[in-house]
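K.L.:
So the sequences go chain by chain: L and B.
Residues 0 to 87, numbered by numbering that gives the first Met the number 0, are exactly what the first sequence covers, in order.
Residues 0 to 200, numbered by numbering that gives the first Met the number 0, are exactly what the second sequence covers, in order.
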Amino acid sequence: MLEIKCPYCGKRSQNEFAYGGDATVKRPNLGDEVSTKEWDNFVYFRDNPRGKHTEYWHHVAGCRQWFKASRDTATHEIFNTASLEEEL
Amino acid sequence: MSNLNINSSALINDHQIGSFGNYHNKEKSELLTVKELTNLSIYQIAKFKSSKANVDLVSIDGLNLPKKYPDVSYNNNDTRILWNGPHICMVVSTDTDIKEKLSSIDSDDFAVTDLSHSRAGIEISGLHAIDVLKKGTPLNLNNSEFTKNNCANSSYNGISFMLDFIDDQPLTFRLFCLRSFGGSFYHSITDSALEYGFIGE
Chain L
0 MLEIKCPYCG
10 KRSQNEFAYG
20 GDATVKRPNL
30 GDEVSTKEWD
40 NFVYFRDNPR
50 GKHTEYWHHV
60 AGCRQWFKAS
70 RDTATHEIFN
80 TASLEEEL
Chain B
0 MSNLNINSSA
10 LINDHQIGSF
20 GNYHNKEKSE
30 LLTVKELTNL
40 SIYQIAKFKS
50 SKANVDLVSI
60 DGLNLPKKYP
70 DVSYNNNDTR
80 ILWNGPHICM
90 VVSTDTDIKE
100 KLSSIDSDDF
110 AVTDLSHSRA
120 GIEISGLHAI
130 DVLKKGTPLN
140 LNNSEFTKNN
150 CANSSYNGIS
160 FMLDFIDDQP
170 LTFRLFCLRS
180 FGGSFYHSIT
190 DSALEYGFIG
200 E
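Here's what the structure looks like:
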């Protein structure tokens, strides 16, 4: 079982958390002219790296806060976590 | 259309009075006690993200809001304020005037929501209360991590619940889950308690 350090509650079991997707994806700026290709990239296309990956996680059965985590997709090692306002 | 019979018990069809499980040849002091918590007022206080209000200035029944995990503010009137997240607290009280006391909170800065009827509450006490909890929750309940007057949200056999450590002599915990999960949650807790024997009160 993985332990994930919630920035608000400390180390908790993985089964209190829900994965929230790639945290590096940026939504196109509001008001900008956005091409179909850019929307496509934002909505559908994701990198699938082996190694370090920045992700959103949700402490769904705890404090119900979203936060960022840096995780190795191959070993599942979690290097660091931070609130959404902080840098990882 | 018939009149609805509104009963404050969330576990009216589940909670049973009597002795259950492995209670034979045991002293009463060795057994667990399982009670349903009724007539508690439960309010959530959440500060709006846009608010610049100073949380330190909020006082309810002489209590300040707890600021971090796993703090609980409490007083002798049996009002407890549990930390639920950053700028989110849960007020649990037997005080019938708590609603008036909460009305002093500025509604421009905080959302106060009455959750009294949306939760099922169970109090479990006894020597093995912690062992019952350890069977279903991944929380670290060791003495160094979680002590009297601490609280936490976690899951018990997959059901999200809120845990409040009331007392350590005897070990007493209050458990709250969503009302609609009350039956399943009660079953999970009492099933785990059978091994030690328990008295339903």
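Think of the CB as a built atom: it goes at the ideal place given N, C-alpha and C, for glycine as much as any other residue.
Along the stretch 110-131 of chain B, what residues have a CB closer than 7 angstroms to any CB found in chain L?
P.N.:
Hits within the stretch: zero.
K.L.:
Do K51 of chain L and D71 of chain L come within 7 angstroms of each other at the CB atom, strictly closer than that value?
P.N.:
Position 72 of the first sequence, counted from the first residue, corresponds to residue 71 of chain L. Position 52 of the first sequence, counted from the first residue, corresponds to residue 51 of chain L. Cβ distance < 7 angstroms, so D71 of chain L and K51 of chain L count as in contact.
K.L.:
Given a cut-off of 7 angstroms on the beta-carbon distance, is the pair L138 of chain B and S153 of chain B in contact?
P.N.:
Taking the first residue of the second sequence as 1, we reach residue 138 of chain B at position 139. Taking the first residue of the second sequence as 1, we reach residue 153 of chain B at position 154. Result yes, Cβ atoms of L138 of chain B and S153 of chain B sit closer than 7 angstroms.
K.L.:
Exposed or buried, which one is T74 of chain L when buried takes at least 16 other CB atoms within 10 Å?
P.N.:
Sequence index remark: in the first sequence, residue 74 of chain L carries index 75 (1-based). Exposed, since its Cβ has fewer than 16 Cβ neighbours within 10 Å.
K.L.:
Counting along the chain, where does the alpha helix (DSSP H) carrying P131 of chain B start and finish?
P.N.:
Stepping through the second sequence from its first residue, residue 131 of chain B is reached at position 132. Reading the sequence as shown, one finds Val at residue 131 of chain B and not Pro. That run of the alpha helix (DSSP H) goes 128-133.
K.L.:
I87 of chain B and A151 of chain B look like a contact to me (Cβ under 8 angstroms); what is the Cβ gap, rounded to whole Å?
P.N.:
Against the second sequence, residue 87 of chain B aligns to sequence position 88. Against the second sequence, residue 151 of chain B aligns to sequence position 152. Their Cβ separation, rounded to whole angstroms, is 14 angstroms, which puts I87 of chain B and A151 of chain B out of contact at 8 angstroms.
K.L.:
So who's on the other strand from C88 of chain B, going by DSSP bridges?
P.N.:
Along the second sequence, one-based indexing puts residue 88 of chain B at 89. BP columns for C88 of chain B point to B:I44, B:W82.
K.L.:
So, does the stretch 23-35 of chain B touch the stretch 63-83 of chain B, judging by three or more C-beta pairs under 8 angstroms?
P.N.:
No: fewer than three Cβ pairs fall under 8 angstroms.
K.L.:
Going by DSSP, what residue range makes up the alpha helix (DSSP H) through G17 of chain B?
P.N.:
Taking the second sequence and counting its residues from 1, one reaches residue 17 of chain B at position 18. No alpha helix (DSSP H) holds G17 of chain B; the beta strand (DSSP E) holding it covers 17-19.
K.L.:
Where L162 of chain B and N148 of chain B are concerned, what is the direct C-alpha to C-alpha distance, given to the nearest angstrom?
P.N.:
Taking the second sequence and counting its residues from 1, one reaches residue 162 of chain B at position 163. Taking the second sequence and counting its residues from 1, one reaches residue 148 of chain B at position 149. The alpha-carbon atoms of L162 of chain B and N148 of chain B are separated by roughly 10 angstroms.
K.L.:
Quick one: which chain L residues come within Cβ less than 9 angstroms of P169 of chain B?
P.N.:
The sequence position of residue 169 of chain B within the second sequence is 170, counting from 1. Chain L residues near P169 of chain B: none, gap ~27 angstroms exceeds 9 angstroms.
K.L.:
Kindly indicate if chain B contains any beta-carbon less than 7 angstroms away from that of R26 of chain L.
P.N.:
For the purposes of this step, residue 26 of chain L is taken as the residue at position 27 of the first sequence. No, R26 of chain L lies away from the interface with chain B (no Cβ there is under 7 angstroms from its Cβ).
K.L.:
Which residue wins for smallest C-alpha separation from N28 of chain L, given the options L:G61, L:A22, L:W38, L:M0?
P.N.:
By one-based count along the first sequence, residue 28 of chain L stands at place 29. Measuring from the Cα of N28 of chain L, the nearest candidate turns out to be L:W38.
K.L.:
Kindly indicate which residue of B:K66, B:N38, B:R118, B:S183 has the alpha-carbon position closest to the one of I97 of chain B.
P.N.:
For the purposes of this step, residue 97 of chain B is taken as residue 98 along the second sequence, with counting starting at 1. Per the Cα distances, B:N38.
K.L.:
Does any CB atom of chain L fall closer than 7 angstroms to the CB of S1 of chain B?
P.N.:
Position 2 of the second sequence, counted from the start, is the residue given in the question as residue 1 of chain B. Low confidence applies here, because S1 of chain B scores a pLDDT of 45, under 50, leaving its location unreliable; read the following figure in that light. Not one chain L Cβ lies under 7 angstroms of S1 of chain B.
K.L.:
DSSP on A17 of chain L, reduced to helix/strand/coil?
P.N.:
In the first sequence, residue 17 of chain L corresponds to position 18, counting from 1. Strand.
K.L.:
Taking the C-alpha atoms as reference points, what is the distance between D13 of chain B and T78 of chain B?
P.N.:
In the second sequence, residue 13 of chain B corresponds to position 14, counting from 1. In the second sequence, residue 78 of chain B corresponds to position 79, counting from 1. Cα to Cα, the separation comes out at about 27 angstroms.
K.L.:
Expressed to the nearest angstrom, what Euclidean distance is found between the alpha-carbon atoms of E85 of chain L and F109 of chain B?
P.N.:
Residue numbering aside, residue 85 of chain L sits at position 86 when the first sequence is read from its first letter. Residue numbering aside, residue 109 of chain B sits at position 110 when the second sequence is read from its first letter. Near 24 angstroms, if we compare the C-alpha coordinates of F109 of chain B and E85 of chain L.
K.L.:
Looking only at DSSP bridge pairs, what is D71 of chain L linked to?
P.N.:
Counting from one through the first sequence, the residue named residue 71 of chain L turns up at place 72. Per DSSP, L:K51.
K.L.:
Establish whether the CB of S154 of chain B and some CB of chain L are separated by less than 7 angstroms.
P.N.:
The residue you call residue 154 of chain B lines up with position 155 of the second sequence. So yes, S154 of chain B belongs to the interface.
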